[in-house]
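Okay, so the sequence shown: first residue is 1293 according to my numbering, each after it adds one. We put the CB at the ideal spot given by N, CA and C, even for glycine. First the structure, in the form of structure tokens, and then the observations on it.
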Amino acid sequence: MPIDPTKPYDPDNIFAKILRGEVPCNKVDESEHSLAFHDINPLAPVHILCIPKGQYVSWDDFSKNASPEEIADFVRFIGKVARDNEMVEQGYRLLANIGKRAGQEIPHLHVHLFGGQPLGPMLAI
């Protein structure tokens, strides 16, 4: 069910549980402020989720409330994950669903990295 990104952070969401070690993940990489892991329901041969470790519901929340260090770490981290997983040469897609109309399902900011095959049009309508 799509979430409302204007609501307060829900500390019981699945990504919060992963960050606390209550739910396992197939970790790809980790930095001081960010974590990357394989999506459990991949939509492409390579489907990695990158999340900030802080409690941010959406890109709006993150860009408004995160520290400069968290923001810099997250942006650089996503690029590092793409490079380290050999996605750059063939190409990859970043996707962050924010809010109801975009279909955001987990109230924790996350960026999908898709690759490993041609990804088709930007929007499927």
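- Task: Inspect the CB distances between the stretch 1386 to 1396 and the stretch 1322 to 1338 and report whether three or more fall short of 8 Å.
- Result: no
- In terms of residues, what are the limits of the beta strand (DSSP E) holding Ser1326? Numbered from its first residue, the sequence shown carries residue 1326 at position 34. First-last of the beta strand (DSSP E) with Ser1326: Ser1326 to His1330.
- Do you know whose CA, among Phe1369, Asp1376 and Leu1411, lies nearest Tyr1384's CA? For the purposes of this step, residue 1384 is taken as the residue at position 92 of the sequence shown. Per the Cα distances, Leu1411.
- Query: In three-state terms, what does DSSP make of Pro1337?
  - Reply: For the purposes of this step, residue 1337 is identified with residue 45 of the sequence shown, where counting begins at 1. Here Pro1337 sits in coil by DSSP.
- Message: Spatial neighbours of Ala1328 within its chain, please: C-beta separation below 6 Å, excluding the five flanking residues on both sides.
- Response: To locate residue 1328, count along the sequence shown from 1; it is residue 36. Taken in chain order, the residues that qualify are Val1320, Asp1321, Ile1340, Cys1342 and Val1373.
- Query: Which residue's Cα is closest to the Cα of Gly1407: Tyr1348, Val1380, Lys1345 and Lys1392?
  - Reply: The residue given as residue 1407 occupies position 115 in the sequence shown. Taking only the C-alpha atoms, the option nearest Gly1407 is Val1380.
- Query: Where in the stretch 1330 to 1416 do unbroken runs of the beta strand (DSSP E), each at least 3 residues long, occur, reported from the N-terminal end onward?
  - Reply: 1338 to 1344, 1384 to 1387 and 1403 to 1407
- Pull up the CB-CB distance for Val1403 and Ile1370, whole angstroms please, since I reckon it's below 8 Å. The count along the sequence shown starts at 1 and reaches residue 1403 at position 111. The count along the sequence shown starts at 1 and reaches residue 1370 at position 78. Sure, about 6 Å apart at Cβ, within 8 Å.
- Can Leu1405 and Phe1354 be called in contact, C-beta distance under 8 Å? On the sequence shown, position 113 is the one that residue 1405 refers to. On the sequence shown, position 62 is the one that residue 1354 refers to. In this structure, Phe1354 does not lie closer than 8 Å to Leu1405 by Cβ.
- Task: Would you decide whether His1330 is buried or exposed? Buried here means 16 or more other CB atoms lie within 10 Å of its CB.
- Result: What you label residue 1330 is simply residue 38 of the sequence shown in a count that begins at 1. Exposed is the call here.
- Task: In the DSSP assignment, find the beta strand (DSSP E) that holds Lys1319 and state where it starts and stops.
- Result: Sequence index remark: in the sequence shown, residue 1319 carries index 27 (1-based). Unbroken beta strand (DSSP E) run through Lys1319: Lys1319 to Glu1322.
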